[in-house]
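One structure is given below, encoded as structure tokens.
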Amino acid sequence: MFNDKTILITGGTGSFGKKYTEILLEKYKPNKIIIYSRDELKQYEMAQEYNDKCMRYFIGDVRDFQRLKKAMKDVDYVIHAAALKHVPIAEYNPMECIKTNIDGAQNVIDAAIENKVTKVIALSTDKAANPVNLYGATKLASDKLFVAANNLVGKQDTFFSVVRYGNVIGSRGSVIPFFKKLIDEGKQSLPITDTKMTRFMITLEQGVEFVLKNFERMKGGEIFVPKIPSMKITELALALAPNLSHEIIGIRPGEKLHEIMCPSDDSHLTYEFEDHFVIAPTIKFTSIRDYSENSIREKGIRVEQGFEYNSGKNDVWLSHKELLDLIKEY
């Protein structure tokens with residue numbers, strides 16, 4: 009569905025944007041891939057690696073509506089990956105996080121509607137479910153904006169959906185590169201926030217493939233959640249450095265012990281499919297949509313009342329070997 013189409017990726021020079029671009033170029037023949045981001049050095053470096061004739065690089069910030077509107081001219085699909093994501097930094101700089109993650113989200117929506125973009129998928133995070141930190145709260149607000157945007161389009165065929173998933177293995181700023189850096193520096197211990205802490209884990213490639221598939225599945229207004237394994241942070245540290253001790257440093261500002269992707273409060277809206285969940289919108293749209301079946305005829309069933317998809321209560325856990333196999337490329 010991406011052949012001869014123009015795709016714009018906000019925050020496109022990040023880990024996700026690069027992998028998404030790589031897979032689009034490998035599997036499809038897009039008309040254009042537009043990388044929209046604010047860092048000229050990262051764009052310059054990415055352009056050395058991804059220099060296909062369909063590539064376009066636009067300097068711009070999602071806070072700048074006019075620039076976004078120009079960048080989205082004649083665009084078919086948008087992936088909104090731009091965000092301020094560092095939990096403690098967001099706690100100390102809340103307004104900056106709000107300007108990018110909430111105001112920026114609304115700018116993406118408005119620019120997409122004005123340019124009659126066909127489909128938009130916004131990337132979310134497990135931290136948006138029952139948020140306890142500022143970053144999670146801004147992403148929850150962003151999710152709500154993208155869901156509600158389906159009521160702003162009138163008869164226009166522009167559709168908005170959200171993809172929510174957990175920690176991305178190997179992405180910049182994640183715990184695995186941080187631990188590997190300490191190991192390479194010869195540290196004698198690894199810092200652990202809490203011995204009970206768990207996280208959902210997904211690879212960059214799995215995340216990209218999930219988003220690609222959901223462009224086919226989406227009806228507009230739903231939140232897609234993949235079924236992915238969990239891992240205890242202590243087990244992750246043991247897998248990377250079995251001979252190093254652990255230093256317990258306490259939970260950082262805004263952190264949770266366990267992450268949630270489908271809250272129990274949304275169980276009455278949640279459908280389970282073979283490899284993912286869908287959280288239907290709590291609001292009604294002018295055109296009624298049945299989210300128990302998606303656009304490619306996959307069928308889901310409503311989960312039990314009170315169901316919660318929690319990293320500490322997951323049915324699937326990563327083993328040491330599975331983790332090490334996954335991180336070889338990183």
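Numbering (our numbering), first residue to last: 9 to 338. Where is the CB? At the ideal position from N, CA and C, for every residue including glycine.
- Setting aside the 5 residues that flank it on each side, A79 is surrounded in the same chain by L16, I42, Y44, F66, G68, each with a C-beta closer than 7 angstroms to its C-beta; the list follows chain order.
- In this structure, DSSP gives V161 a state outside helix and strand, which the three-state scheme calls coil.
- H88 carries a strand assignment under DSSP once its states are collapsed to helix, strand and coil.
- Distance from the CA atom of G229 to the CA atom of D118, rounded to whole angstroms, is 16 angstroms.
- With respect to L326, M239 sits close: the two C-beta atoms are nearer than 7 angstroms.
- Nearest to N302 by alpha-carbon distance, out of E312, F281, F315, is F281.
- Going by beta carbons, Y317 and C270 fall inside the 7 angstroms limit.
- Looking at the DSSP output, L131 shares a beta bridge with V171.
- A distance of 7 angstroms or more separates the beta carbons of V128 and A136.
- Bounds of the beta strand (DSSP E) holding K40 are 40-45.
- A residue is called buried once 16 or more other Cβ atoms fall within 10 Å of its Cβ, and M9, having fewer, is exposed.
- For N322, the CB contacts under 6 angstroms within the same chain, skipping 5 residues up- and downstream, are S238 in chain order.
- In its chain, beyond the 5 residues on either side, I121 have a beta carbon closer than 7 angstroms to the beta carbon of V161.
- The C-beta distance from P96 to R260 rounds to 5 angstroms, short enough to fall under 8 angstroms.
- Residue range 48-57 is occupied by the alpha helix (DSSP H) that includes M54.
- Taking one beta carbon from each stretch, the region 327-335 and the region 242-255 have 3 or more pairs nearer than 8 angstroms; the two touch.
- Here P102 carries a helix assignment [DSSP, helix/strand/coil].
- In the structure shown, Y28 adopts helical secondary structure according to DSSP, grouped into three states.
- Going by beta carbons, I231 and I268 fall outside the 7 angstroms limit.
- Spatial neighbours of C62 in its own chain (CB-CB distance under 6 angstroms, excluding positions within 5 residues in sequence) are listed in chain order as P38, K40, I41.
- Of V183, P289, Y100, the smallest CA-CA separation from L142 is found for Y100.
- Note on N59: under 16 other CB atoms within 10 angstroms of its CB, so exposed under the neighbour-count rule.
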